[in-house]
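Residue numbers (our numbering), protein chains in the order written: chain A, 1 to 111; chain B, 1 to 113.
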């Protein structure tokens, strides 16, 4: 079955620690995205990538980093510089001007 | 930048009735609008896309309209069922070649048996 897989489903971060969220897609989509969702808020774009080895900052990129070494994979690192990382993180992929396909998210909490 | 407003945070409706959800955008007319469904703890799932030159789109019990004069899209679910209870998100895309979507905060629909 084609789709997007995010792992882990739940993640805990200690103070001062970097954590990496995984996102893999087998839909052969060119573009991939990372969003953050907070209670009562819409999805906010963190980073997106249109092609391999290229990515752009979204609206709230500070404290996050990404890489796109393979078409299928777009991992997100939440660095210690992100002071309020507790949120639900969603990864998506799409072709140009087509609907986005989402994974089932990773819920990040602070220990 | 574009802003998307979904007027109701929550909407309760009796089973069998038609649910109507509203999405307003504030700045430029988007090339298209999309509607997604999100269940608790899950990622959004795409439902319908309507382009700026289309007035209406239908899919089974779902209907979407796009009024560029009012800067508004309406999303209708006819003959609503308890299984339709979810949060519905509106999103718009700015134009050709752009990958970015702007999302509204969503409307939580509860269909009461």
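Ideal placement from N, C-alpha and C gives every residue a C-beta, glycine not left out. Treat the numbers as computed from the prediction; the structure is a model and nothing was measured.
Would you give the residue range spanned by the beta strand (DSSP E) that residue i belongs to?
i, result
"residue 29 of chain A", "Counting along the chain, residue 29 of chain A falls outside any beta strand (DSSP E), and DSSP gives it neither H nor E."
"residue 93 of chain A", "87 to 94"
"residue 89 of chain B", "86 to 93"
"residue 57 of chain A", "54 to 57"
"residue 71 of chain A", "It is not in any beta strand (DSSP E) - residue 71 of chain A carries neither H nor E in the DSSP assignment."
"residue 112 of chain B", "107 to 112"
"residue 4 of chain A", "4 to 7"
"residue 65 of chain B", "62 to 67"
"residue 50 of chain A", "44 to 51"
"residue 111 of chain A", "Here residue 111 of chain A belongs to no beta strand (DSSP E), and DSSP marks it neither H nor E."
"residue 56 of chain B", "56 to 59"
"residue 41 of chain A", "It is not in any beta strand (DSSP E) - residue 41 of chain A carries neither H nor E in the DSSP assignment."
"residue 73 of chain B", "72 to 77"
"residue 11 of chain A", "10 to 13"
"residue 114 of chain B", "Outside the modelled stretch of chain B, which goes from 1 to 113, sits residue 114 of chain B, for which no answer is possible."
Residue j and residue i - do their beta-carbons sit closer together than 9 Å?
i, j, result
"residue 55 of chain B", "residue 86 of chain B", "no"
"residue 50 of chain B", "residue 29 of chain B", "no"
"residue 68 of chain A", "residue 49 of chain A", "yes"
"residue 137 of chain B", "residue 92 of chain B", "Residue numbering for chain B in the displayed model covers 1 to 113; residue 137 of chain B lies beyond these limits and cannot be assessed."
"residue 43 of chain B", "residue 103 of chain A", "yes"
"residue 81 of chain A", "residue 4 of chain A", "no"
"residue 13 of chain B", "residue 90 of chain B", "no"
"residue 14 of chain A", "residue 107 of chain A", "no"
"residue 77 of chain A", "residue 18 of chain A", "yes"
"residue 88 of chain B", "residue 38 of chain B", "yes"
"residue 42 of chain A", "residue 104 of chain B", "yes"
"residue 80 of chain B", "residue 58 of chain B", "no"
"residue 1 of chain B", "residue 27 of chain B", "yes"
Could you check which residue in the options has the C-alpha nearest to that of residue i?
i, options, result
"residue 65 of chain A", "A/14, A/92 and A/56", "A/56"
"residue 22 of chain A", "A/100, A/6 and A/14", "A/6"
"residue 63 of chain B", "B/53, B/52, B/70 and B/47", "B/47"
"residue 71 of chain B", "B/12, B/22, B/18 and B/88", "B/22"
"residue 68 of chain B", "B/88, B/58, B/40 and B/32", "B/32"
"residue 53 of chain B", "B/8, B/10, B/65 and B/20", "B/65"
"residue 90 of chain A", "A/37, A/59 and A/77", "A/37"
"residue 82 of chain B", "B/16, B/8, B/10 and B/6", "B/16"
"residue 32 of chain A", "A/75, A/109 and A/79", "A/75"
"residue 19 of chain B", "B/6, B/100, B/104 and B/76", "B/76"
"residue 52 of chain A", "A/30, A/41 and A/45", "A/30"
"residue 39 of chain A", "A/88, A/46 and A/45", "A/88"
"residue 54 of chain A", "A/71, A/11, A/83 and A/79", "A/71"
"residue 84 of chain A", "A/61, A/73 and A/105", "A/61"
"residue 111 of chain B", "B/10, B/27, B/45 and B/59", "B/10"
"residue 24 of chain A", "A/44, A/111, A/73 and A/35", "A/73"
Would you mind giving the Cβ-Cβ distance between residue i and residue j, rounded to the nearest angstrom? I have them listed as a contact below 8 Å.
i, j, result
"residue 26 of chain A", "residue 63 of chain A", "With 8 Å as the limit, residue 26 of chain A and residue 63 of chain A do not qualify as a contact, their Cβ atoms being about 29 Å apart."
"residue 101 of chain B", "residue 100 of chain A", "7 Å"
Margin query: To test your reading of the DSSP string, which unbroken beta strand (DSSP E) runs of 3 or more residues are found completely within the segment 1 to 39 of chain B?
Written below: 10 to 14, 19 to 25 and 32 to 38
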